[in-house]
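As structure tokens, the structure follows; a few thoughts come after it.
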Amino acid sequence: MAKIKTKDVWIMGIWKENPVVIQVLGICSALAVTNRMDNALIMGAGLIFVTAFSEFTVSILRMHTPKHIRMMVQVLIISAFVIIVDIYLKAYLPNASKALGPYVGLIITNCIIMGRCEVFAQKNRPAISFLDGIFNGIGYTLVLMVVAFARELLGFGTFFGIPVMGQGWMNWVIMIMPPGAFFMLALVVWGVNTVREKQETSESAGEVKAR
Amino acid sequence: MAELYKKHFMKQKMMERMLWALAPAALGSVWFFGLRALLVMGVSVLFACFAEWLFVRKNGGRISEAALVTGLIFALSMPPKVPLWIVALGISFGMVFGKMAFGGFGTNLFNPAIAARAFVYISFSKPINADWTGVATGAFGGFSKFLGPDIQAVSSATPLLAFKNTGEVFPYMKLILGNVSGSMGETSAVLILIGAAYLIKTKSADWRLMAGMATGFFTLSAILSLLQPELVANPIYGALSGSFLFTMVFIVTEPISAPKTSKGKFIYGMLAGVVVVIIRGYALFTEGTTFAILVANTFGPLVDEGVRHFEKREKKVIAS
Chain A
1 MAKIKTKDVW IMGIWKENPV VIQVLGICSA LAVTNRMDNA LIMGAGLIFV
51 TAFSEFTVSI LRMHTPKHIR MMVQVLIISA FVIIVDIYLK AYLPNASKAL
101 GPYVGLIITN CIIMGRCEVF AQKNRPAISF LDGIFNGIGY TLVLMVVAFA
151 RELLGFGTFF GIPVMGQGWM NWVIMIMPPG AFFMLALVVW GVNTVREKQE
201 TSESAGEVKA R
Chain B
212 MAELYKKHFM KQKMMERMLW ALAPAALGSV WFFGLRALLV MGVSVLFACF
262 AEWLFVRKNG GRISEAALVT GLIFALSMPP KVPLWIVALG ISFGMVFGKM
312 AFGGFGTNLF NPAIAARAFV YISFSKPINA DWTGVATGAF GGFSKFLGPD
362 IQAVSSATPL LAFKNTGEVF PYMKLILGNV SGSMGETSAV LILIGAAYLI
412 KTKSADWRLM AGMATGFFTL SAILSLLQPE LVANPIYGAL SGSFLFTMVF
462 IVTEPISAPK TSKGKFIYGM LAGVVVVIIR GYALFTEGTT FAILVANTFG
512 PLVDEGVRHF EKREKKVIAS
């Protein structure tokens with residue numbers, strides 16, 4: 001198997017195979033916690049932590065895990081890290097923990113982590129798996145932040161809780177409600193894919209010319 | 212001007228007839244609420260065409276005249292005092308997410324005007340549900356005024372709000388002629404029915420859809436108004452107040468989101484009518500037509516599927 005370079009890992013995680021926009025994973029939490037930017041940021045940070053360390057651990061144990069029970073092992077590893085995040089939030093950021101509600105515990109069901117463990121960490125060395133986890137987490141967080149930025153700005157007229165839209169601003173109630181998340185996420189996916197398509201066609205056109 | 216129009220718009224006879232049918236209600240809205248109604252219609256139609264143009268311009272396609280109809284219907288479903296930016300935003304949203312995202316004219320699952328209305332109805336509840344305008348008075352009605360007088364008593368501003376909040380009932384004559392406050396095009400029963408007669412006579416709208424919606428609405432509200440008269444208005448009052456007639460004539464009849472089989476059309480209409488009664492009587496919202504149409508749109512293709520399935524089975528039974 002060809003050696004994977006660090007550069008590839010971050011381009012893949014953030015742009016080319018972005019877990020949310022391209023692979024459409026982790027949508028549930030992307031819809032649920034994006035009504036405010038601070039929620040989205042904490043959720044993203046939690047996910048980066050869990051993905052990175054789970055992939056790291058899975059990768060270390062990959063030679064010693066029997067193939068037929070590897071999924072159970074992965075779930076055990078992931079849940080251990082999720083519990084750490086949950087306890088940490090409860091202790092140091094009780095308000096955020098309340099605002100996120102069950103979604104912290106539900107990080108374990110986030111397909112991104114399981115997917116990366118299965119696809120990447122099972123086949124690669126620990127150090128690069130750790131990086132892969134971080135960059136996939138960042139890719140997820142970036143999308144969440146964009147969606148949350150638009151939803152909070154339109155729905156509450158604020159940016160990280162600071163009012164920015166002035167006195168006459170009328171809140172778009174639909175943006176705070178779940179339907180608003182669907183529309184915003186769809187717009188983001190739409191936008192990113194349009195840009196990517198253009199990029200790809202110009203790339204392939206360049207190749208043809210080079211020949 | 213005519214050249215320019217020809218270059219950018221498809222000619223669609225049915226949609227042109229739809230525009231003629233909407234004309235009485237549109238003129239009525241100016242007469243009742245003032246010249247601002249024209250401004251609202253203008254903004255709505257302009258942005259509807261612009262939103263569609265953004266999507267069709269790449270392939271050199273032309274804007275369907277359905278966009279004009281959608282813009283006009285959306286404008287007529289707004290209250291007269293609605294801020295213009297809400298109109299522009301709402302109709303752009305409706306066109307993009309209700310129509311163009313599904314592939315443009317002919318393939319939309321939801322009625323774009325209703326998608327637009329649901330969006331603003333939920334988002335901006337104060338300007339849409341609480342800022343009503345009274346009827347303009349004087350020899351020239353609204354044609355000599357920019358906007359009718361403001362209404363202070365919000366809880367009894369429109370026939371539906373009055374019934375829901377105070378149990379008060381407006382005189383029937385006023386409801387038939389339309390000089391009560393409400394959304395721009397929905398108030399006058401007479402003007403809407405003129406449009407309906409024209410549509411049925413020219414066969415531009417299917418009478419089954421209208422009949423289905425009327426049947427569903429009248430049957431259920433007759434039963435429920437006897438059981439719970441404080442919650443559900445009697446069928447005649449219910450039909451004349453709010454946007455029931457407007458919806459029945461101009462919105463449920465939109466051919467693309469409606470089923471194609473004739474039995475399906477009837478069932479679809481009835482579903483919409485029944486949901487209107489339920490939402491008006493038992494939900495938080497005073498007016499249920501918007502959501503009723505959305506619900507019916509959702510089940511439209513399924514109704515068609517079901518009808519075709521049963522018709523096939525019947526044929527088989529007869530053949531054997």
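First to last, the sequence lines map onto chains A and B. Mapping of the first sequence onto this note's numbering: position 55 corresponds to residue 55, and the numbering continues sequentially without gaps. Mapping of the second sequence onto this note's numbering: position 271 corresponds to residue 482, and the numbering continues sequentially without gaps. Glycine is no exception: its CB is placed at the ideal position from the N, C-alpha and C atoms.
First through last residue of the alpha helix (DSSP H) which encompasses residue i
i, result
"residue 103 of chain A", "Here residue 103 of chain A belongs to no alpha helix (DSSP H), and DSSP marks it neither H nor E."
"residue 473 of chain B", "473-493"
"residue 294 of chain B", "Neither: residue 294 of chain B is in no alpha helix (DSSP H) and is coded neither H nor E."
"residue 418 of chain B", "418-438"
"residue 527 of chain B", "500-530"
"residue 74 of chain A", "70-92"
"residue 555 of chain B", "Residue 555 of chain B lies beyond the residue range present for chain B, which begins at 212 and ends at 531; the question has no answer from this structure."
"residue 413 of chain B", "Element bounds for residue 413 of chain B: n/a, residue is neither H nor E."
"residue 113 of chain A", "111-116"
"residue 145 of chain A", "126-155"
"residue 263 of chain B", "247-267"
"residue 214 of chain B", "213-219"
"residue 228 of chain B", "224-244"
"residue 395 of chain B", "No alpha helix (DSSP H) holds residue 395 of chain B; DSSP gives it neither H nor E."
"residue 277 of chain B", "277-287"
Spatial neighbours of residue i in its chain, beta-carbon cut-off 6 Å, leaving aside the 5 residues before and after
i, result
"residue 470 of chain B", "476, 479, 511, 514 and 515"
"residue 423 of chain B", "477, 480 and 481"
"residue 57 of chain A", "77"
Beta carbon of residue i nearer than 7 Å to that of residue j
i, j, result
"residue 30 of chain A", "residue 144 of chain A", "yes"
"residue 501 of chain B", "residue 326 of chain B", "no"
"residue 406 of chain B", "residue 232 of chain B", "yes"
"residue 444 of chain B", "residue 374 of chain B", "yes"
"residue 394 of chain B", "residue 288 of chain B", "yes"
"residue 370 of chain B", "residue 452 of chain B", "yes"
"residue 277 of chain B", "residue 226 of chain B", "yes"
"residue 26 of chain A", "residue 140 of chain A", "yes"
"residue 116 of chain A", "residue 55 of chain A", "yes"
"residue 483 of chain B", "residue 460 of chain B", "no"
"residue 34 of chain A", "residue 148 of chain A", "yes"
"residue 311 of chain B", "residue 244 of chain B", "no"
"residue 457 of chain B", "residue 411 of chain B", "no"
"residue 172 of chain A", "residue 334 of chain B", "yes"
"residue 137 of chain A", "residue 60 of chain A", "no"
Chain-order list of residues whose beta-carbon lies under 7 Å from that of residue i (same chain, five-residue window excluded)
i, result
"residue 317 of chain B", "467"
"residue 526 of chain B", "none"
"residue 180 of chain A", "151, 155 and 174"
"residue 187 of chain A", "none"
"residue 455 of chain B", "428, 449, 487 and 500"
"residue 242 of chain B", "352, 353 and 354"
"residue 223 of chain B", "275, 276 and 277"
Pick from the options that is closest to residue i, judged by C-alpha positions
i, options, result
"residue 474 of chain B", "B/353, B/421, B/379 and B/286", "B/421"
"residue 347 of chain B", "B/359, B/340 and B/336", "B/359"
"residue 505 of chain B", "B/435, B/369, B/305 and B/448", "B/305"
"residue 497 of chain B", "B/361, B/377, B/277 and B/273", "B/377"
"residue 367 of chain B", "B/229, B/343, B/320 and B/461", "B/343"
"residue 168 of chain A", "A/157, A/177 and A/190", "A/157"
"residue 485 of chain B", "B/433, B/438, B/465 and B/437", "B/433"
"residue 345 of chain B", "B/321, B/252, B/290 and B/300", "B/290"
"residue 320 of chain B", "B/529, B/509, B/446 and B/520", "B/509"
"residue 142 of chain A", "A/8, A/123, A/13 and A/163", "A/13"
Residue i, buried or exposed, once every other Cβ within 10 Å from all chains shown has been counted against 16
i, result
"residue 353 of chain B", "buried"
"residue 522 of chain B", "exposed"
"residue 263 of chain B", "buried"
"residue 72 of chain A", "exposed"
"residue 6 of chain A", "exposed"
"residue 392 of chain B", "buried"
"residue 216 of chain B", "exposed"
"residue 292 of chain B", "buried"
"residue 87 of chain A", "exposed"
"residue 518 of chain B", "buried"
"residue 92 of chain A", "exposed"
"residue 361 of chain B", "exposed"
"residue 307 of chain B", "buried"
"residue 298 of chain B", "buried"
"residue 524 of chain B", "exposed"
"residue 398 of chain B", "buried"
"residue 119 of chain A", "exposed"
Proximal residues to residue i (C-beta, below 8 Å), its chain only, five neighbours per side dropped
i, result
"residue 349 of chain B", "355 and 356"
"residue 250 of chain B", "295"
"residue 79 of chain A", "108"
Contact test: residue i Cβ vs the ligand COA heavy atom, cutoff 6 Å
i, result
"residue 203 of chain A", "You won't find the ligand COA in this model; it holds no ligand whatsoever."
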